[in-house]
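Residue numbers (numbering that gives the first Met the number 0), protein chains in the order written: chain A, 0 to 161; chain B, 0 to 100; chain C, 0 to 359. Note sheet for the following structure.
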Amino acid sequence: MFEKTGVATREMVMTKFPPIERINKGPIAIVECYQKIPCNPCQTACPFGAIHIGEDINNIPERDENVCTGCGMCVAKCPGLSIMIVDGSKSEDTVEFRIPYEFMPLPEVGEKVVGLDRAGNPVCEAKVIKVMNPPSFDRTPVVTLEVGREFLYDFRNFRREA
Amino acid sequence: MRITQHPILTFDRGKEINFTFNGQPMKGYEGETIAAALHAAGVKVLGKSLEKHRPRGFYCAIGNCASCQMIVDGEPNVRTCITLLKEGMTVETQEGKGRIK
Amino acid sequence: MREVELLIIGSGPAGLCAAISAASSGAKVLILERTFKPGGQLVKQTHMFFGSESQYASHRGVDIAGILLKKVEEFGDKIEIMLNATAVGFYEDNVVTVLKDEKEYFKIKADSAICATGAFEKSLAFPNNDLPGIYGAGAVQTLMNVYGIRPGNRVLMVGAGNIGVIVSYQLMQAGIDVAAVLDAAPRIGAYLVHASKLARMGVPILTSHTVKEAIGKDCLEAAVVCEVDDHFKPIPGTEKRYDVDVMCISVGLSPLNELLAMRGVEMKYVPQLSGSVPMRTESCETSIPGIFVAGDASGIEEASSAMAEGYLAGLCAAAKLGHVPEDFEKRKAEYLKQLEGLRSGPVGDRIRAGMKSSQL
């Protein structure tokens, strides 16, 4: 299915998430890279050595949940924009996502946007917490959003209200 | 048809250039090709095919396909996708093979 | 007649890297570029590249062009780029005929040459495929990303390979609606991370689909698509109409290397490399000594491979001219290792098969 639509199945997605206890402890990178392609900037970008690809640059990246601090340095570096940060430590009802967003105009802090799933379907409301676009991100802005906890495994993107 | 806001790129358009298309005054910018300036003005039909007189437009943008050939300053078969716009140019749609002066 | 030590035809990623590599060994290089801007297709790539640090991964293509051109400049008069200069012939005595500014016609004699002429976009046959509004995907990139002009308002993308999905994403970045991406193949050809970027924007990717016909009088107004079966035959009754003013054709590239064929190097049709390609050695040398090839002209691959091949071809061409740097073996091994890495995964299966059957 994934190879026909580009939409990862729930099963595939779950393999990239750490246990909920880890998510509740603090931010962590979810590296949604499912295919062996020649690419390794995520490994190079990580200041903590938490992402491992190894000698063969075609290997699928492995993120060590004990080493990853959720700093987010990899998010804007991934050429496939496949990485996001999730943080379940902020509240019992919500989770925070940090996702790359390369579209104009950027959302405003506090704005309510439409949360989309991996197929682009609207699934929830999301609140914009922060918008980062420093020179080091090289024009891949990263947006922090607050989303209901029940959408932890569904939320993947957002759209501004027209 | 011009992009004013883009997440990755900024477009530093050069100075404005005046030219004519089939006698009509048009504006483009220095540094852009004739076909690009016409496209920005909404002109998509650049000529007619030789035998069936079907409309011809921009296609490859690298000077390979000949679909964008027009008459420029009286000269036929100019590949407008790779020819830069110049002040005062007269650009005309081409029908037929054109005649070399 | 002008005589040059090393002539490089094309200033895309392969040509620029070849020039940098050869000049760093001490060769004197002339690059012929047929357009008015060096950098080839790099200048319109707004997305971050794959690969590793050696091929500037995670940098945007347009910025890589800047990095390479800055390096070229550092070599001063060791590298000259001649713009608006099309190589139109390549003869037995290594004479290349050049048309400059569409007016001047002259000859250049080269001691050695690297053909880095890139590729051209394939077309697709369907009724009314010649309507204005139907463009090559690369052409649309040029309009949008070089000139900042929207090709239209709503696009149907034909082809779900890397170029198709990347250009679709770039169209959305330019504020243009992408109705759907379709591909006759049963699976998406692009790197799936690129496909996922589009999917989560709500763009449907329709595999096993093709264009039945384009509709329009003077320009494209709509397109009818349909499903195809396992043998790529249209399935009646599956037609769907999309009201679009733009259709992008992104059904693959073919190597552009007629100059090498004209020069008389041994050519071979290699489907895995998307067309007729020159037979070549591990060092990118063709069947004629001193004539090299690099990048898409030698077979369709990613820009990262074109850069690594360019560095390799430049190094080896310069060495053949007598410019052998002390670290020649080390550099050569490094470039070969980079290429092996880029081609070693499952997505490199085809390339590896193609390389094998085109190896001298």
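A virtual CB, placed ideally from N, CA and C, is assigned to each residue, including glycine.
Buried versus exposed call for residue i [16 or more other C-beta atoms within 10 Å across all chains shown]
i: I71 of chain A; result: The amino acid occupying residue 71 of chain A in the given sequence is Gly; Ile does not appear at that position. So G71 of chain A ends up on the buried side.
i: K43 of chain B; result: buried
i: D244 of chain C; result: buried
i: R351 of chain C; result: exposed
i: H193 of chain C; result: buried
i: K360 of chain C; result: Residue 360 of chain C lies beyond the residue range present for chain C, which begins at 0 and ends at 359; the question has no answer from this structure.
i: D182 of chain C; result: buried
i: G13 of chain B; result: exposed
i: P99 of chain A; result: buried
i: R98 of chain B; result: exposed
i: Q23 of chain B; result: exposed
i: K85 of chain B; result: exposed
i: G50 of chain C; result: buried
Same chain only: Cβ atoms within 7 Å of residue i, ignoring 5 sequence neighbours per side
i: L258 of chain C; result: I8, A86, F89, C114, T116
i: R240 of chain C; result: A221, V223
i: L98 of chain C; result: T85, V87, Y104
i: R9 of chain A; result: Y152
i: C73 of chain A; result: A28, C41, A44, C45, I50, I82
i: I187 of chain C; result: A159, A194, I204, T206
i: A261 of chain C; result: In the sequence as displayed, the identity of residue 261 of chain C is Met instead of Ala. Excluding positions up to five away in sequence, the list reads G88, F89.
CB of residue i within 8 Å of CB of residue j, strictly
i: I148 of chain C; j: S249 of chain C; result: no
i: L123 of chain C; j: V210 of chain C; result: yes
i: C41 of chain A; j: K76 of chain A; result: yes
i: R148 of chain A; j: D116 of chain A; result: no
i: L359 of chain C; j: A307 of chain C; result: no
i: I19 of chain A; j: G87 of chain A; result: yes
i: A189 of chain C; j: V154 of chain C; result: no
i: C283 of chain C; j: L311 of chain C; result: yes
i: G313 of chain C; j: S20 of chain C; result: yes
i: M143 of chain C; j: C247 of chain C; result: no
i: A175 of chain A; j: D63 of chain A; result: With chain A covering only 0 through 161, there is no way to say anything about residue 175 of chain A.
i: L252 of chain C; j: E120 of chain C; result: yes
i: G132 of chain C; j: G56 of chain B; result: yes
i: E78 of chain B; j: G95 of chain B; result: As written in the sequence, residue 78 of chain B is Arg, which differs from the Glu given in the question. For R78 of chain B and G95 of chain B, no; Cβs fall outside 8 Å.
i: F20 of chain B; j: L8 of chain B; result: no
i: V28 of chain C; j: L5 of chain C; result: yes
i: G289 of chain C; j: E91 of chain C; result: no
i: D72 of chain B; j: T89 of chain B; result: yes
i: I6 of chain B; j: R158 of chain A; result: Note that residue 6 of chain B is Pro in the sequence shown, not Ile. No; because the gap between Cβ atoms is not below 8 Å, this pair is not in contact.
i: V130 of chain A; j: P104 of chain A; result: no
i: S111 of chain C; j: A318 of chain C; result: no
i: I234 of chain C; j: D228 of chain C; result: yes
i: K196 of chain C; j: L144 of chain A; result: no
i: V122 of chain A; j: F150 of chain A; result: yes
Neighbourhood of residue i by C-beta, 6 Å cutoff - its chain only, sequence neighbours within 5 removed
i: A39 of chain B; result: M0, R1
i: Y268 of chain C; result: S275
i: I214 of chain C; result: E220, A221
i: T3 of chain B; result: none
i: L67 of chain C; result: L15
i: A64 of chain C; result: G38, L41, V42
i: C67 of chain A; result: I27, A28, A49
i: G347 of chain C; result: none
i: R330 of chain C; result: L314
Residues sharing a beta bridge with residue i, DSSP
i: S23 of chain C; result: Looking at the DSSP assignment, S23 of chain C forms no beta bridge with any residue, so it has no partner.
i: K43 of chain B; result: Paired residue(s): none; K43 of chain B is not in a bridge.
i: N156 of chain A; result: A:L115
i: K99 of chain C; result: C:A84, C:E103
i: Q23 of chain B; result: B:F20
i: E120 of chain C; result: C:L252
i: S275 of chain C; result: C:Y268
i: P322 of chain C; result: Going by the sequence as given, residue 322 of chain C is His instead of Pro. Partner(s): none; H322 of chain C has no beta bridge.
i: L29 of chain C; result: C:L6, C:E79
i: P121 of chain A; result: A:L115
i: A112 of chain C; result: C:L6, C:I290
8 Å contact criterion, which residue i and residue j should meet: CB distance rounded
i: R59 of chain C; j: Q44 of chain C; result: 7 Å
i: S357 of chain C; j: L255 of chain C; result: 16 Å between Cβ atoms; not a contact.
i: A118 of chain A; j: V6 of chain A; result: 5 Å
i: K106 of chain C; j: T96 of chain C; result: 6 Å
i: V146 of chain A; j: F96 of chain A; result: 6 Å
i: I16 of chain B; j: T82 of chain B; result: Rounded, the Cβ-Cβ distance is 13 Å, inconsistent with contact.
i: Q54 of chain C; j: S303 of chain C; result: 4 Å
i: I287 of chain C; j: A118 of chain C; result: No, I287 of chain C and A118 of chain C are not in contact; Cβ-Cβ is about 22 Å, not under 8 Å.
Contact set for residue i: own chain, Cβ-Cβ below 8 Å, skip 5 residues either direction
i: E238 of chain C; result: K211, V223, V224, C225
i: Q396 of chain C; result: Since the displayed chain C opens at 0 and closes at 359, residue 396 of chain C lies outside it and no answer follows.
i: N152 of chain C; result: I175, D176, D244, V245
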